[in-house]
Every structure is written in structure tokens, then in C-alpha cells.
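Just so you know, the protein sequences line up as chains U and D, in that order. Numbers given in our numbering equal positions in the first sequence, counted from 1, plus 86. Numbers given in our numbering equal positions in the second sequence, counted from 1, plus 86. The beta carbon of each residue, even a glycine, is placed where N, CA and C say it ideally should be. Predicted model, so just to flag it, every value in this text is computed and none were measured. Below is one structure; the comments refer to it alone.
Number of protein chains: 2
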Amino acid sequence: MFLDEVFAKEKELIGKEIHVHGWIRNHRPQKEFGFIDFSDGTCFKHLQIVYDKELADFEQIIAYKNGSSVEATGVLQKSEGKGQDVELKASKITLLGDCPIDYPLQPKRHSNEFLRSIAYLRPRVNLFQAVFRIRSLAALAIHEYFGKNGFVYFHAPLITASDCEGAGEMFQVTTLPLDKLKGEVDYKKDFFGKKTSLTVSGQLQAETFATAFSKTYTFGPTFRAENSNTKVHASEFWMIEPEMAFVDINGNMDVMEGMLKYVVSYCLEHAKDEFKFLDQFVEKGLIEKLEKLVNSKFTRVTHEEVITILKQADVKWEFTPEYGEDIAKEHEKYITEYFDGPVFITDWPKDIKAFYMKQNDDGKTVAAVDLEVPGAGELMGGSEREADYNKLLKRMQELNMDVSEMEWYLNLRKYGTCVHSGFGMGFERLLIYLTGVDNIRDVIPYPRTPGNCDF
Amino acid sequence: MFLDEVFAKEKELIGKEIHVHGWIRNHRPQKEFGFIDFSDGTCFKHLQIVYDKELADFEQIIAYKNGSSVEATGVLQKSEGKGQDVELKASKITLLGDCPIDYPLQPKRHSNEFLRSIAYLRPRVNLFQAVFRIRSLAALAIHEYFGKNGFVYFHAPLITASDCEGAGEMFQVTTLPLDKLKGEVDYKKDFFGKKTSLTVSGQLQAETFATAFSKTYTFGPTFRAENSNTKVHASEFWMIEPEMAFVDINGNMDVMEGMLKYVVSYCLEHAKDEFKFLDQFVEKGLIEKLEKLVNSKFTRVTHEEVITILKQADVKWEFTPEYGEDIAKEHEKYITEYFDGPVFITDWPKDIKAFYMKQNDDGKTVAAVDLEVPGAGELMGGSEREADYNKLLKRMQELNMDVSEMEWYLNLRKYGTCVHSGFGMGFERLLIYLTGVDNIRDVIPYPRTPGNCDF
């Protein structure tokens with residue numbers, strides 16, 4: 087029996103014999119009896135196994151080492167000890183897989199840096215049991231939210247010959263023999279007959295699904311070959327990119343808010359033990375922060391209004407806020423504090439935003455929206471998309487984009503164009519916010535960053 | 087209002103005014119009135135919009151072209167016509183986005199080859215409305231099945247420095263300037279400081295999660311740089327790879343069977359209109375085939391037993407069945423017919439299977455299992471994994487594998503090793519089976535195959 091089932095049926099199982107298998111997280115043998123802190127990883131809770139000299143092989147059992155896998159049979163009983171309601175009084179404990187004494191995960195506090203170096207073992211420790219289960223729950227919640235709301239899940243292509251926004255550096259994908267190349271490359275000989283890269287966004291392709299199914303979303307990996315060694319950048323990460331036809335920027339914000347609240351609520355409800363742990367050991371007040379978000383009203387203001395507020399603020403800014411320019415981290419922080427909650431900032435200067443965003447009538451701004459969340463900064467960004475063929479074409483030409491490669495994208499504006507909107511959320515940004523863990527390397531099972539591609 | 091909502095509340099909405107937006111799939115204007123076959127893609131059903139000369143702009147409306155986007159207001163009423171229960175009696179129809187008369191998707195039958203060439207528009211036609219909604223539902227069903235059963239969703243890394251099985255040709259991932267390379271490549275200068283590729287499987291990494299959470303699964307893209315131009319090979323496809331600790335080959339088969347039946351049932355229940363269409367136009371008997379699968383008992387036989395059955399069969403084989411060898415398509419077909427249902431074939435000759443599979447005591451076979459499904463052939467493959475450090479190391483050495491790169495994988499057998507099993511299912515193989523569509527290019531939104539990387 088797995089432990090998730092044991093704890094779910096705890097009350098009816100008391101007094102009954104059960105059989106479990108898992109790992110010794112911490113073994114405290116005494117002269118006459120012993121305690122095993124036992125887990126199979128199916129839930130955050132561990133089971134305490136108690137045994138005593140009555141067992142024929144007591145002398146062998148007390149030598150079982152931390153990290154070993156065992157199976158145990160016994161009666162589940164109420165526990166007298168602190169920290170658990172039930173425990174297993176073992177009638178039999180059998181060693182399945184031994185573990186040497188130099189096992190790196192002895193029960194003590196390890197630094198996250200050290201655990202990163204043994205990333206293949208770290209999911210066994212409490213912190214990563216919590217983080218990666220929440221990662222799984224958050225992913226499930228996202229699928230559930232969109233499924234319930236009639237969105238079609240769209241698998242965007244990963245290998246691509248086009249560059250979504252010219253936004254990010256791209257990894258090249260090739261089967262050419264690199265050690266035999268000389269000078270100019272003949273891409274006709276490459277696998278796809280042209281130069282190909284790993285996608286930086288599935289949005290443009292998602293728009294083709296939005297104009298067919300009305301409501302669609304991607305949830306898949308994206309890539310950036312940026313040489314950024316920060317706590318928030320990874321070369322390979324997962325993105326959620328919903329895209330909706332007949333939905334304007336206001337409807338877009340409704341979905342951004344609805345999705346975020348759904349995911350946070352879902353995780354809080356399904357990972358109570360994990361959040362208690364994270365609140366205690368990683369970010370004090372984490373649960374309160376998340377509950378506050380779920381119950382908060384999201385403010386909607388324009389970029390221009392934000393700049394006015396920042397300019398009027400009695401603060402000595404490191405970066406002077408300016409109309410027509412981007413805002414800095416310190417501004418984001420101030421604004422969420424000013425409104426005491428999450429803030430949608432809309433209608434951004436067009437020159438600092440992407441080519442596909444709907445141009446507003448003022449000629450200066452686009453119908454873009456960023457969501458600023460207290461304690462997280464910018465968590466999502468989106469926009470109404472430019473639905474006018476000529477305006478979009480003109481903008482692409484202004485930016486010297488290769489229009490011929492993008493004819494299909496432009497054509498969406500030719501064949502029954504419609505108001506449509508979408509947004510993107512970096513999944514790991516959400517997880518950093520959700521778990522309180524501050525380094526993206528610790529919310530991805532096997533992070534890829536410049537110079538690092540282990541396991 | 088989106089159409090999925092309209093049809094869900096159809097009965098209570100009759101006699102009420104509603105407002106919809108979507109596309110004209112087929113327009114049949116008459117002298118005094120007109121019919122619009124209207125869809126917004128949120129459900130397979132279309133809505134018939136009827137209008138007549140009472141409308142002030144009747145003369146403009148009759149000129150609205152197929153493919154245009156419109157919004158319509160009117161009262162939902164019972165339909166007298168064939169093929170629908172309700173229709174919209176329009177009081178207003180407004181053109182949102184025009185569509186030229188050379189729009190490629192005029193209402194007539196198009197070949198799948200032609201539609202592939204306009205893959206960005208094909209989700210608008212019935213066939214691909216059905217296929218891609220079922221793709222979405224099947225993905226959701228898979229997440230739901232594993233979520234309900236306590237599996238942790240694991241995002242395997244896509245960029246990797248290791249080669250899972252030596253099984254498939256790999257795409258190289260690089261940021262080196264290809265046109266400036268000369269002779270031997272210095273990978274220290276590449277982005278990750280070593281040679282990297284796109285993964286062919288997330289299984290090995292998933293095993294690290296299985297030995298931490300007991301139950302885990304991947305669902306993500308995988309890649310093969312094979313120069314195969316067949317109906318079942320793509321260079322980029324999605325895989326599901328569950329991995330379970332304390333589960334042997336029999337428990338593995340239980341999950342394979344349970345998952346498949348769950349997904350098929352879920353899709354049949356949630357895409358009734360889509361399956362009716364596919365049954366009528368793509369594969370006669372599709373629904374019966376799928377319902378039979380859900381209700382069938384899966385047979386379990388060994389490879390040796392299968393060969394004996396094949397040898398005794400009164401059939402002139404193109405390929406002679408042999409103990410110790412793989413079986414051919416004709417054998418797969420015979421065996422599922424012989425047992426009149428899905429068949430798990432277990433205990434395969436070790437020399438034709440992967441290094442990580444558990445070696446049976448006979449020294450000749452491994453605890454591998456393939457699932458053969460009537461009308462689909464091999465749908466999944468899995469195995470119990472070799473849990474013994476020394477046996478696994480010896481096998482890797484026999485196969486001349488680079489053991490130093492795989493130390494972390496071997497170590498899973500050193501630190502509390504346990505019986506564990508897993509399997510893999512190509513998501514597109516499942517979709518070919520589910521939809522009756524016979525070409526993998528038509529169940530992936532933007533297929534990547536040798537020489538093809540469009541959109």
C-alpha cells in the first residue's frame with residue numbers, strides 16, 4: 087500500500103494490518119526498540135515505524151541505514167509520540183535495497199547549491215518533495231482550469247524556422263556534421279532543408295488555433311539562449327500561452343486573473359502539508375500571501391497613470407519614471423504596494439512592446455497588459471493582438487521583419503479577422519511565487535543554464 | 087456567448103435573445119432569406135443562423151462570404167430544418183472581418199495533403215476540429231488519470247548531454263557559429279560547455295523521480311532525427327512515460343491497461359459529435375472498435391508463447407517467426423486476432439531490447455512488455471527496470487556504453503534500490519488509433535518531418 091492511501095484511510099485502518107514499502111529517511115535505533123522515519127514519497131507526510139526486540143531479526147534491523155529501501159508489515163496504531171497521529175507497529179521489516187554510509191542525503195540541512203550538484207537525488211528531501219509536488223499540482227490545475235472553460239490544449243511546435251518576436255536568442259537545431267563544415271553553410275543539406283531553431287514562444291501558432299477553436303492554450307517548453315546567469319533565467323523553461331478569439335484586452339485580464347486565482351487556490355487546497363513546510367522553512371507568511379492574492383481585487387490602470395503616480399510619489403528613484411518608457415523593479419514594487427494588491431498595467435508605449443500588439447488609436451500605445459503581483463513582480467504579460475492586416479504589415483515593415491516568412495501569420499488578418507487576445511506566463515515564475523523558493527534552478531527538476539546541462 | 091455554452095443551455099435559451107460571434111462556414115443566401123452555417127469552434131456542432139428581408143441591411147448580408155467573421159444577435163428557436171434542433175433567427179448580423187473569394191477553405195472536400203500545405207488554416211475544417219479537440223481531450227484525460235492516482239507530473243529536460251538508449255538519431259543543439267567552424271569542434275565554447283542534443287526519452291530522468299515520489303510520469307516532447315518518411319514517424323512528437331517504484335511488470339501492465347481504458351472512455355464521453363463524424367467519414371466502425379477496447383480483457387502472454395503460436399499457425403508468413411527474434415507487423419496482427427483483443431507480450435529476448443530492462447533469471451530474456459492492440463499494432467512498450475547495480479553495470483559495459491556519463495543513473499541502484507517499472511506511449515500513436523486518421527502528420531498541429539519545418 088502506498089502512503090497516500092494509508093493516510094487517506096487512516097481512521098479505518100487503525101488496528102488493521104498493513105503492508106508498506108519505501109525508504110528510510112532517518113533511523114533511530116535504540117537498545118530495546120527503534121524508530122524509522124519512513125516515506126515512499128506519495129505524500130509529504132512520513133510514517134513512523136516502531137519496532138522492538140520481539141522481532142526475531144532485531145539485530146539486523148537496527149543496522150538498516152538511512153536511504154535504504156525496506157518493506158514493512160504491521161498494525162497501524164494511534165501514536166503516543168509528537169508529530170504524528172498514527173504509527174506502524176512493525177511485525178516484520180525486510181531490507182529491499184541497502185544504502186552505503188556515504189549516501190549524500192544524511193538527515194541534516196543541506197544547502198540548495200549542494201543539492202543542485204546531486205539533482206538526481208534532491209527530490210528525496212523535504213524541500214524538493216514540496217516544490218516538485220506543487221509543480222505537478224500547479225500544472226494539473228492549469229489544465230483543469232482551461233479544460234473546464236472549454237479551451238483546446240494546443241501543442242506548439244518546438245523546432246521552428248521562424249523567430250516569434252526577434253525577442254530572444256535562439257538555440258540552433260541541426261544534424262549537420264559540425265566538424266566537417268567549412269565557411270558558408272548549405273542549409274539544404276540540413277535535416278529540414280533550412281536553418282532551424284528551438285522556439286522562444288508558441289504564441290503565433292497558437293493564434294491559428296484561436297481563430298479556429300476560439301479558445302486555446304499552450305503549455306510546453308520554450309527556450310532562450312541568453313547568457314544570463316541570474317536567479318530568474320533558465321535556458322529551458324515551460325510557458326503557458328492562452329489565446330482567445332472575440333476577447334478584448336478586458337476579457338484577457340479576466341482570464342489572467344481567473345486562472346491565477348484558480349491555480350493558487352487549487353495548490354493551497356491540495357498541498358496543505360507542503361505549504362506548511364514552505365511557510366515555516368522557506369518564506370514566512372507564504373500561505374497568508376497566497377490566500378490574500380486569492381481574495382484580492384486586481385486593479386487595472388494604464389501605463390500613463392502609473393507613471394503619473396510614480397512621478398508624484400515622495401520617493402527618490404534609482405531610475406526616473408518616464409512616460410514612453412519601461413518601468414523598473416522598484417516601480418513595480420511601489421505600484422503593487424500603492425494599490426495594496428495585484429495590478430494590471432495596460433496601454434504601454436508601443437516602441438517597447440512586440441510587433442503583434444494591437445495599436446491604440448492614440449498612435450503611441452498598444453493594448454498590452456502586464457500583471458504585477460506583490461512579492462513576484464511581473465508574473466504575466468499579454469495583449470490584444472493587432473487584427474488589422476495593413477496596420478500589422480506596416481508595423482512589421484517598420485521593424486524590418488522578414489514578412490515573406492510570416493505570410494501565414496498575416497493571413498489570419500485576411501481570412502475572417504477578429505478581435506483576439508492572449509497572454510504568456512512563465513511556469514517557473516509562477517512556481518517561484520508559489521513556493522517562496524528564490525532560484526529558478528530549484529523549481530525545475532533538471533535546470534539548463536549557461537554552462538550547465540547535467541543529468 | 088460562445089457556442090459551447092449556447093448548446094449546453096440550449097433548452098433554457100429557446101425563445102431568448104442571444105449574441106454570438108464566429109465564422110461563416112457556409113453561406114446559402116436566397117432571394118427572400120438566407121442560411122448561415124456558423125461556428126466559433128468551441129464545439130463540433132455548428133449553429134444555423136436564419137435571416138430574412140426584414141433586416142434593413144439584407145442586401146449587404148447576402149453578400150457576406152464564406153470564412154468571414156460575423157457577430158449575430160437574435161432569438162434562439164426550435165429548428166424546422168433537418169440536422170439541428172435549434173437555430174438563431176437573426177435580428178442583426180454584423181460583419182467583423184471580411185474574407186476574400188480566393189479563401190482556400192471553400193466548403194467542399196479537400197485532400198489531407200492539400201490541407202497540410204495550409205496547416206495554419208486546417209484546424210477550421212471539420213476533420214481537424216475533431217482531431218485536435220480529441221488530441222486536447224486525450225491529453226487532459228491522461229493528466230486526470232495520473233493526477234487521480236497520485237502520480238507526480240515530471241517535466242523531463244529536453245536539452246540533454248546524454249543519449250537515453252543509443253536508440254535514436256539525435257538533433258544537435260548549439261549556439262556555435264556554424265559558418266565559422268573549422269575542423270574539430272571545441273565544445274567548451276558551446277552554450278553548455280559540452281555537446282548537447284534534443285532528448286529521445288525522459289525515462290532515465292523519470293526514474294530519479296520514481297525513486298523519490300514512487301509514482302511519476304512525463305508528458306512532453308521528444309525528438310528523433312531519423313530520416314524516415316513514413317506515415318507513423320515524425321521528428322518531433324509527444325510521449326507519455328510513467329515510472330513507478332515498488333511496482334513489478336504485472337503492476338506495470340495494470341497501469342498500461344488502466345490508463346488506456348480511461349483515456350479512450352473519457353474521449354468517447356466528451357467528444358460524441360466528433361466521434362460520430364470520424365466514424366462516418368474516416369474509419370467506419372471506429373466507435374465500436376473503441377468501445378470494444380474499453381470492455382475487453384487484455385491477454386498476457388510471453389514472447390516465447392507467442393512464437394510457438396505463430397509457428398503452429400496455418401499461415402504462410404512473409405517473415406518466419408523465431409524464438410529470440412523480434413516479431414513483424416503480420417505477427418502482431420495475427421496475435422491480436424488470435425486472442426480477439428489487446429495482448430501484452432512479455433519477457434522478450436534481451437538482445438533486441440534496451441540495456442536498462444530487468445534481466446530475467448533464464449539469462450536470455452528481460453522483463454519487457456509490449457502492448458499490441460487490434461487495429462493499432464504496438465501502442466506502448468515498457469519493462470521492469472534492472473534494479474541490481476552490478477547486473478546493470480555489466481550490461482552497459484557489454485554494450486560499450488559510456489558508463490562515466492551515467493553514474494547518476496547507476497547510483498539509483500546503489501542508494502536504496504527497489505523494484506521499479508515504467509512504460510512509454512507515443513501520444514500520436516494513440517491519436518492515430520483514437521481518430522482513425524492514418525498519417526501522423528494529420529494528428530500533430532505542425533508536424534516536423536525530414537525536409538519539412540513549416541509554420
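Give me, in chain order, the residues of the same chain whose beta-carbon lies closer than 8 angstroms to that of residue i; leave out the 5 immediate sequence neighbours on both sides.
i               : result
G502 of chain D : T297
I373 of chain D : L354, F361, K362, D365
G510 of chain D : S287, Q289, M325, I326, E327, M466, G467, G468
So, at 7 angstroms on beta carbons, what are the nonlocal neighbours of residue i in its own chain, with the 5 sequence-adjacent residues on each side left out?
i               : result
D334 of chain U : E470, V505, S507
G236 of chain U : K301
E458 of chain D : E418, I421, T422, P428, V429, I431, E464
K415 of chain U : G463
What residues from chain D crowd round residue i, counting only those whose CB sits closer than 8 angstroms?
i               : result
S300 of chain U : F88, G108, D126, G127, T128
V259 of chain U : F257, Q258, V259, L284
N315 of chain U : Within 8 angstroms Cβ-Cβ: nothing; N315 of chain U doesn't reach chain D, min ~12 angstroms.
Less than 7 angstroms between the C-beta atoms of residue i and residue j, yes or no?
i               : j               : result
L174 of chain U : G153 of chain U : no
H132 of chain U : D126 of chain U : no
M345 of chain U : Y231 of chain U : yes
K347 of chain D : V380 of chain D : yes
I179 of chain U : A158 of chain U : yes
T282 of chain U : V259 of chain U : yes
T521 of chain U : V217 of chain U : yes
M342 of chain D : M466 of chain D : yes
F441 of chain U : L485 of chain U : yes
T302 of chain U : A292 of chain U : yes
E404 of chain U : G463 of chain U : no
F541 of chain U : A224 of chain U : no
L162 of chain D : L99 of chain D  : yes
L226 of chain U : F257 of chain U : no
For a contact meaning CB atoms closer than 7 angstroms, what does residue i contact in chain U?
i               : result
V548 of chain D : The structure shown has nothing for residue 548 of chain D, since chain D only spans 87 to 541.
G120 of chain D : Chain U residues near G120 of chain D: none, gap ~18 angstroms exceeds 7 angstroms.
Could you tell me the distance, in whole angstroms, from the CA atom of residue i to the CA atom of residue j?
i               : j               : result
A60 of chain D  : T261 of chain U : As shown, chain D starts at 87 and ends at 541. That puts residue 60 of chain D outside it, with no answer to give.
E491 of chain U : S203 of chain D : 14 angstroms
F305 of chain D : A331 of chain D : 18 angstroms
Q192 of chain U : R534 of chain U : 27 angstroms
T246 of chain D : H113 of chain U : 36 angstroms
L267 of chain U : Y475 of chain D : 41 angstroms
E270 of chain D : D265 of chain U : 5 angstroms
G449 of chain U : Y532 of chain D : 35 angstroms
V368 of chain U : L213 of chain D : 50 angstroms
N446 of chain D : D433 of chain D : 8 angstroms
A454 of chain D : D488 of chain D : 23 angstroms
S321 of chain D : P536 of chain U : 26 angstroms
F513 of chain U : F240 of chain D : 13 angstroms
D456 of chain U : V156 of chain D : 30 angstroms
Which bits of chain D does residue i rub up against, with CB to CB less than 7 angstroms?
i               : result
K131 of chain U : The premise fails here: K131 of chain U is roughly 13 angstroms from chain D at the closest Cβ pair, so nothing lies under 7 angstroms.
S507 of chain U : Residues of chain D passing the Cβ test: none, with the nearest at roughly 14 angstroms.
G233 of chain U : L226
R210 of chain U : A298
Which residues of chain D have a Cβ atom closer than 9 angstroms to the Cβ of residue i, listed in chain order?
i               : result
Q291 of chain U : Y206, P531, Y532, F541
V489 of chain U : Those within 9 angstroms of V489 of chain U in chain D number zero; the least Cβ separation is about 15 angstroms.
P536 of chain U : F277, F278, G279
Residues in its own chain within less than 6 angstroms of residue i by CB, not counting five upstream and five downstream?
i               : result
P460 of chain D : T422
V238 of chain D : F299, T302
E96 of chain D  : V172
N198 of chain U : D528
M443 of chain U : V452, A454, S469
R481 of chain U : F441
Under the DSSP definition of a beta bridge, which residues are partnered with residue i?
i               : result
F124 of chain U : U:I110, U:L133
A224 of chain U : Beta-bridge pairing links A224 of chain U to no other residue.
K175 of chain U : U:V136, U:V161
W434 of chain U : U:V452
List, in chain order, every chain U residue whose beta-carbon is nearer than 9 angstroms to that of residue i.
i               : result
H319 of chain D : Correct list: empty, because the minimum Cβ distance to chain U is about 13 angstroms.
Listing by chain order, which chain U residues have their CB less than 8 angstroms from the CB of residue i?
i               : result
F295 of chain D : P209, F218, P531
F240 of chain D : F218, S222, P531
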